[in-house]
Amino acid sequence: MHHSHPHDPSDHQPRSGPDHRSASGPDHQPDGLNQHPTLDPDQNSASTQETVPLSVWACAQRPAVWQRRGRYLPATTSHPAKMLPTLAATAITSYTQPGELVLDPMCGIGTTLVEAIHLDRVGIGVECERRWANLARANLDLAREHGASGTGAVVTGDARNAGALITDPHILGKVALLLTSPPYGQATHGQVRSTRETGRGGVRKYDYDYGKNPRNLAHGSHDRLLSGFTDILTGCLPLLRPGGIVAITTRPFRRHGHLIDFPAQVWAAAQDAGLEPVQRLVALLCGIKDDHLVTRASFFAMHETRKARTAGLPLHVNAHEEVLILRRPPGDRPHDR
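Spelled out as structure tokens, the structure:
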């Protein structure tokens with residue numbers, strides 16, 4: 001894992017794989033990133049033994065707030081774990097063509113769908129929390145007002161029942177890309193306000209809850225989260241076309257001071273659903289300037305990291321998250337599952 005120090009970002013010159021294409025979304029890839037993979041697949045921490053190529057996507061040349069400003073409703077900030085718009089746009093342009101279907105079975109506030117329709121794709125989302133589903137629809141409306149040429153829709157429901165929620169024959173077995181991010185349980189930072197903002201001592205957290213629906217995977221045990229995610233992917237398989245791509249964004253997190261290799265667990269859970277591994281990518285959460293990384297970490301992340309280091313725990317701020325690329329086996333027929 002590459003992490004940036006909270007005070008002195010580590011020097012690192014990333015390069016992406018030869019098949020990467022730049023996204024025409026709210027950010028742009030800098031030149032010189034299309035050369036060679038930088039990470040040795042033999043050092044991959046996943047439980048699987050398959051060797052897959054790795055590369056790097058530069059998704060944070062602009063801070064997340066700038067990527068969303070004017071493109072998403074202000075209420076979007078209330079969701080505790082949003083996908084970077086540039087990351088979504090990069091995945092969509094890399095794995096689909098205009099007019100093709102893009103599915104997000106845990107769409108949250110609709111980042112995948114908004115970027116899909118801005119890129120003239122068809123975006124389909126499922127969201128179990130009514131609050132986020134309504135906000136995703138409102139963000140789609142805003143995208144249409146801004147001239148987005150694609151179409152999008154959101155279904156409110158549990159994606160483990162995707163086959164019952166999405167029955168349109170024009171969708172069944174036709175989805176080119178499933179792009180999503182599983183929740184991190186209760187391990188979310190949310191939003192924070194400092195003493196300077198509130199006039200009171202300490203840091204106040206808010207907007208750190210995924211929602212109240214008991215079916216939400218964020219509630220319950222970690223094992224339940226992983227098994228539920230496998231169930232969601234299994235339920236979505238009939239919607240994917242043979243060879244259809246599944247892209248999952250995720251990152252490690254800490255629980256009670258221990259680092260959880262969540263990407264490796266999700267990688268295994270996706271294969272348990274019957275998906276074939278294709279590639280593991282690095283999506284930078286920091287900017288690139290000359291030969292070094294520029295942190296985009298939140299105030300809260302920096303604050304917590306500094307506290308830990310002061311206490312003698314050598315933590316680092318996350319500089320990237322992983323994008324796990326899998327596919328529905330090409331030999332599968334649309335109605336095999």
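For the sequence shown, the UniProt record's numbering gives the first residue as 1, with consecutive numbering after it.
Where is the CB? At the ideal position from N, CA and C, for every residue including glycine.
Under the 10 Å beta carbon count, T310 is surrounded by fewer than 16 other beta carbons and is classified as exposed. Contact check between the stretch 156–172 and the stretch 121–132: three or more CB pairs, one atom from each, fall below 8 Å, which counts as touching. Linking A81 to T250 through their CA atoms gives a straight-line distance of about 10 Å.
Close CB contacts of S227 within its chain, under the 7 Å cut and outside five residues either way in sequence, are absent. Contact annotation: A75 and C286 have beta-carbon atoms that are not nearer than 8 Å. Judged by their CB atoms, G123 and L135 are not nearer to each other than the 8 Å cut-off. Under the DSSP assignment, H118 falls in the alpha helix (DSSP H) whose first and last residues are 111–118. The Cβ neighbour count for S221, taken over all protein chains shown within 10 Å, is under 16; the residue is labelled exposed. Positions of the alpha helix (DSSP H) runs, each at least 4 residues long and wholly inside the stretch 239–304, are given as 262–272 in order along the chain.
The beta carbon of P329 is closer than 6 Å to those of E276 in its chain, skipping five residues each way along the sequence.
Secondary structure note for I92: its alpha helix (DSSP H) is the uninterrupted segment 85–95. Following the DSSP letters along the chain, one finds T234 inside the alpha helix (DSSP H) bounded by residues 222–236. With fewer than 16 neighbouring CB atoms inside 10 Å of its own CB, H170 falls in the exposed class. Distance between G235 and T295, taken at the CA atoms: about 38 Å.
Contact check for V323 against A269 fails: the beta carbons are separated by 8 Å or more.
With 16 or more other Cβ atoms from the protein chains shown falling within 10 Å of its own Cβ, L84 counts as buried. The three-state reading of DSSP puts D104 in strand, counting E and B together. Approximately 10 Å separates the beta-carbon atoms of V266 and L326; this is outside 8 Å, ruling out the contact. For L178, the secondary structure class from DSSP, reduced to helix, strand or coil, is strand. Per the C-alpha coordinates, the member of K289, D291, H146, D168 positioned closest to D120 is H146.
Taking the Cα positions, L293 is about 45 Å away from A164.
Burial state of P314 is exposed, judged by a 10 Å Cβ sphere holding fewer than 16 other Cβ atoms. Given a length threshold of 4 residues, each whole run of the alpha helix (DSSP H) inside the stretch 114–161 is given here in chain order: 130–145. At a Cβ-Cβ threshold of 8 Å, L87 and W57 count as neighbours.
With fewer than 16 other Cβ atoms from the protein chains shown falling within 10 Å of its own Cβ, V65 counts as exposed. The C-alpha of R144 lies about 41 Å from the C-alpha of L259. Here A138 has L73 as same chain residues with Cβ atoms under 7 Å from its own Cβ, once five neighbours each way along the sequence are excluded. Annotation: I232 to E304 spans about 33 Å, alpha carbon to alpha carbon. Going by beta carbons, L177 and I245 fall inside the 8 Å limit.
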